[in-house]
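Beneath this line is the structure, given in structure tokens, with notes to follow.
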Amino acid sequence: MPPPRHIAVLGGGLTGLSSAFHLSRRFPNAHITLLERQNRLGGWVSSEQVQLGNDDGPKDAKVSLTVESGPRTLRPVSKAILELINLLNLQPALLTTPSTAPAARSRFLYTPALRSGLTALPSSPLAFLRSPLRKIFLPAILREPLRKSNRSQDALEESNRGHPYDESLDSFLSRRFGSEVARVLGSALCHGVYAADARELSVRAAFPALYDLEEQGRGSVVFGVLKAMLGFGGSKQKMEKEEYDLGDVEALMRGVAVYSFRGGIQTLSDALVSALDARTNLEICSGEGVSRIEMREDEVDSLLVHTSKRTLNPTHIVSALPLPLLSTLLPPPSSHAPPLPHLTANPASSVIVLSLIFAAPPSTIHPPGFGYLVPRPLEGYPTATTLSSAADLGVLGTVFDSCALPIPPGSEPEAGYTKLTVMLGGPYSISLRSDDELLLTRVLAHLKEALQRELPRPVAWRVWRHERCIPTPRVGHVGRMAELGAVLAEGEGRGAWKGRMEVVGAGVGGVSVGDCVEAGRRVGARW
1 MPPPRHIAVL GGGLTGLSSA FHLSRRFPNA HITLLERQNR LGGWVSSEQV QLGNDDGPKD
61 AKVSLTVESG PRTLRPVSKA ILELINLLNL QPALLTTPST APAARSRFLY TPALRSGLTA
121 LPSSPLAFLR SPLRKIFLPA ILREPLRKSN RSQDALEESN RGHPYDESLD SFLSRRFGSE
181 VARVLGSALC HGVYAADARE LSVRAAFPAL YDLEEQGRGS VVFGVLKAML GFGGSKQKME
241 KEEYDLGDVE ALMRGVAVYS FRGGIQTLSD ALVSALDART NLEICSGEGV SRIEMREDEV
301 DSLLVHTSKR TLNPTHIVSA LPLPLLSTLL PPPSSHAPPL PHLTANPASS VIVLSLIFAA
361 PPSTIHPPGF GYLVPRPLEG YPTATTLSSA ADLGVLGTVF DSCALPIPPG SEPEAGYTKL
421 TVMLGGPYSI SLRSDDELLL TRVLAHLKEA LQRELPRPVA WRVWRHERCI PTPRVGHVGR
481 MAELGAVLAE GEGRGAWKGR MEVVGAGVGG VSVGDCVEAG RRVGARW
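By the UniProt record's numbering, the letter at position 310 of the sequence shown is numbered 310, and the numbering carries on one by one without gaps.
Shown next as structure tokens:
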């Protein structure tokens with residue numbers, strides 16, 4: 001395949017920005033066009049500075065606090081992000097939370113059916129033995145190694161036919177640890193990451209480490225964990241270590257649990273945009289959406305990208321668009337280009353995010369820690385969420401933002417305020433058009449019950465409504481994406497895509513910031 005001359009990157013979210021950045025470095029002689037329908041770049045990453053006046057707080061000083069409508073903290077496990085921090089010189093902007101901090105050691109569940117208030121997730125063996133959760137988890141953990149390998153026969157038959165073995169997270173945990181562990185722990189994890197129903201979520205796509213542990217333990221997750229702790233029983237394959245340009249960032253992240261930036265996560269996407277603006281081989285076209293992708297019936301099966309303003313003739317295309325949107329832009333099935341499968345196979349969760357700021361120190365509002373998650377109700381998700389009470393609200397979890405990250409140097413007045421963020425919706429059928437004031441009233445009532453204390457009215461608050469923001473990889477997702485990749489890579493015959501188009505993003509790989517940045521980093525590696 002000849003090297004790219006013109007690459008069209010569709011979508012200016014984090015995956016698209018990362019793709020454009022790394023492509024411009026990988027192919028310095030190619031022209032790159034980044035197309036984004038909206039006027040702003042960064043996708044779901046959005047940080048806002050809330051200005052509080054002298055009358056809003058406990059001290060006679062003006063304060064600016066950062067609130068996030070999207071991702072709010074990062075973990076230092078993604079080397080792709082650490083590399084960006086180094087390449088974009090973001091070290092001075094880092095805000096880090098050490099692994100010894102309460103935010104790293106203390107996380108909670110809110111399980112009103114089991115007990116009132118918050119229940120701390122055990123962070124040590126002694127804490128585990130004292131925890132009310134031991135009644136659920138301890139018998140399940142002790143029994144798990146005694147259970148025989150019990151993967152479903154239907155799934156095994158699918159695997160024998162060449163389809164990767166898969167099942168839902170709920171099915172996996174129920175099979176190995178029992179239905180109550182699956183409901184309490186599995187659904188809470190799913191709420192925190194995907195805002196989805198664990199009974200639909202693919203364990204192979206969302207939590208592949210669990211599947212791998214069962215494989216290594218020959219049917220037992222507990223044995224798999226023990227083998228991993230003892231340093232044997234893992235994969236014998238030697239993986240080539242990929243090189244990342246980390247500079248001093250890896251050293252800066254030693255002992256760090258989570259981190260962000262002064263000004264919020266948007267500092268990262270803004271720095272990417274600034275870096276792209278400085279690239280001479282790259283053109284950013286915000287406010288210019290894609291209307292159609294076409295493959296010509298000529299000798300080389302030329303690609304065309306029609307936008308709201310013009311028609312481009314790129315040699316290669318990277319789509320970082322949501323998969324259902326991409327499906328509406330592709331040539332019809334009867335056209336010259338082969339259809340791309342599975343683009344509409346997965347749903348996406350809609351979420352309401354409320355950021356609340358109280359004019360009181362965190363110790364008076366919530367316990368020290370990162371926050372809490374809310375498992376699926378015993379009776380299942382209600383068919384309709386009416387906001388008639390705090391119990392009928394559809395809360396997925398709450399982050400204690402004031403504890404999750406340190407106060408930036410020079411911003412000491414922030415210590416007199418508490419920030420926290422509540423997430424609602426996902427598998428709950430809450431309306432995105434819910435009244436703001438009613439929403440706030442119900443959320444404050446929920447927080448009163450969960451935190452077991454009276455709360456003042458917030459001095460500032462923000463509501464964001466994110467429609468279809470987090471894709472849910474359903475069971476079979478890994479196999480479906482492999483089939484999609486095979487069609488895109490097919491190089492034989494007239495009308496083949498011939499590897500000239502890559503499809504990436506949260507709907508293909510993982511949904512975390514690190515997954516999106518890594519996907520953009522890998523784009524074009526075979527061109």
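Built from N, CA and C at the ideal position, the CB exists for glycine as well.
Does DSSP classify residue i as helix, strand or coil?
i	result
I365	coil
I265	coil
Y417	coil
I141	helix
I293	strand
H6	strand
P331	coil
P471	strand
R462	strand
T441	helix
F223	helix
Y381	coil
A120	strand
L354	strand
I284	strand
Y259	strand
residue 529	The chain is shown from 1 up to 527; residue 529 falls before or after that span and cannot be answered.
L325	helix
Looking at the unbroken alpha helix (DSSP H) that takes in residue i, where does it start and where does it end?
i	result
V399	Element bounds for V399: not the alpha helix (DSSP H) but the beta strand (DSSP E), V395 to V399.
T97	T97 -> not in any alpha helix (DSSP H); beta strand (DSSP E) instead, spanning L94 to P98.
Q452	It is not in any alpha helix (DSSP H) - Q452 carries neither H nor E in the DSSP assignment.
residue 539	Nothing can be reported for residue 539: it is not among the residues displayed for the chain, which extend from 1 to 527.
V193	S187 to Y194
K517	Here residue 517 turns out to be Val, not Lys, going by the sequence shown. First-last of the alpha helix (DSSP H) with V517: V513 to R522.
A251	V249 to L252
I407	Where I407 is concerned, there is no enclosing alpha helix (DSSP H), given that its DSSP letter is neither H nor E.
With a cut-off of 8 Å on the beta carbons, I'd call residue i and residue j a contact; round off their distance for me.
i	j	result
G509	D515	5 Å
G263	T66	6 Å
P102	P377	That belief does not hold up - the Cβ atoms of P102 and P377 are roughly 28 Å apart, past 8 Å.
A251	L88	Between L88 and A251 the Cβ distance is about 17 Å, and since that is not below 8 Å, they are no contact.
L213	V221	5 Å
R72	I357	At roughly 14 Å, the Cβ-Cβ gap does not stay under 8 Å, so R72 and I357 are not in contact.
A109	L121	Correcting the residue identity first, residue 109 is Leu in this sequence and not Ala. With a Cβ gap of about 6 Å, L109 and L121 count as contacting.
Kindly list the residues whose CB is nearer than 7 Å to the CB of residue i, restricted to its own chain and excluding five residues on each side of it in sequence; keep chain order.
i	result
L343	L323, P324, L326 and S327
M239	Its pLDDT being 44, under 50, M239 is placed unreliably by the model, and the measurement read from it follows with that caveat. Taken in chain order, the list of residues that qualify is empty.
G217	F223, G224 and K227
D277	I284
Might you give, ordered along the chain, the residues of its own chain that have their beta carbon closer than 6 Å to the beta carbon of residue i, omitting 5 neighbours on each side?
i	result
L321	L10 and G11
G70	W44, V45 and S46
E48	V67
S235	Any reading at S235 is ruled out, since the residue's pLDDT is 49, under 50, leaving its predicted position unreliable.
A8	T33, V305, L312, P314 and I317
L488	W497 and M501
G186	L169, D170, L173 and A198
A257	T97, S99 and A104
By the DSSP assignment, the beta strand (DSSP E) with residue i in it spans what residues?
i	result
residue 556	In this structure the chain extends from 1 to 527, so residue 556 is not present and cannot be described.
F108	F108 to Y110
G371	G371 to L373
E502	M501 to V503
L146	From DSSP, L146 is part of no beta strand (DSSP E); its letter is neither H nor E.
A47	Per the sequence presented here, residue 47 reads as Ser, with Ala not at that position. S47 to L52 is the extent of the beta strand (DSSP E) around S47.
Taking 8 Å as the limit between beta carbons, can you name the residues of its chain near residue i, skipping five residues before and five after?
i	result
D154	none
R115	P132
N86	D245, L246, G247, D248 and V249
With hydrogens ignored, establish whether the beta-carbon of residue i is closer than 7 Å to any heavy atom of the ligand NAP.
i	result
N281	No copy of the ligand NAP appears in this structure; indeed no ligand is present at all.
Contact between the segment 9-18 and the segment 36-49: three or more CB pairs below 8 Å? yes
At least 3 beta-carbon pairs within less than 8 Å: the segment 460-471 vs the segment 299-310: no
Below 8 Å, how does it come out for the segment 338-353 and the segment 470-484: are there three or more Cβ pairs, yes or no? Segments in contact, yes.
Can we say the segment 272-281 touches the segment 119-132, given the rule of at least three CB pairs closer than 8 Å? Judged by Cβ distances under 8 Å, the segment 272-281 makes no contact with the segment 119-132, as fewer than three pairs qualify.
Evaluate contact between the segment 181-201 and the segment 394-407, counting only Cβ atoms and requiring at least three cross-stretch pairs below 8 Å. Result yes; three or more Cβ-Cβ pairs closer than 8 Å.
Any contact of the segment 443-457 with the segment 483-500, i.e. 3+ C-beta pairs under 8 Å? no
Pairing CB atoms from the segment 438-447 with CB atoms from the segment 351-359, are three or more of them under 8 Å? yes
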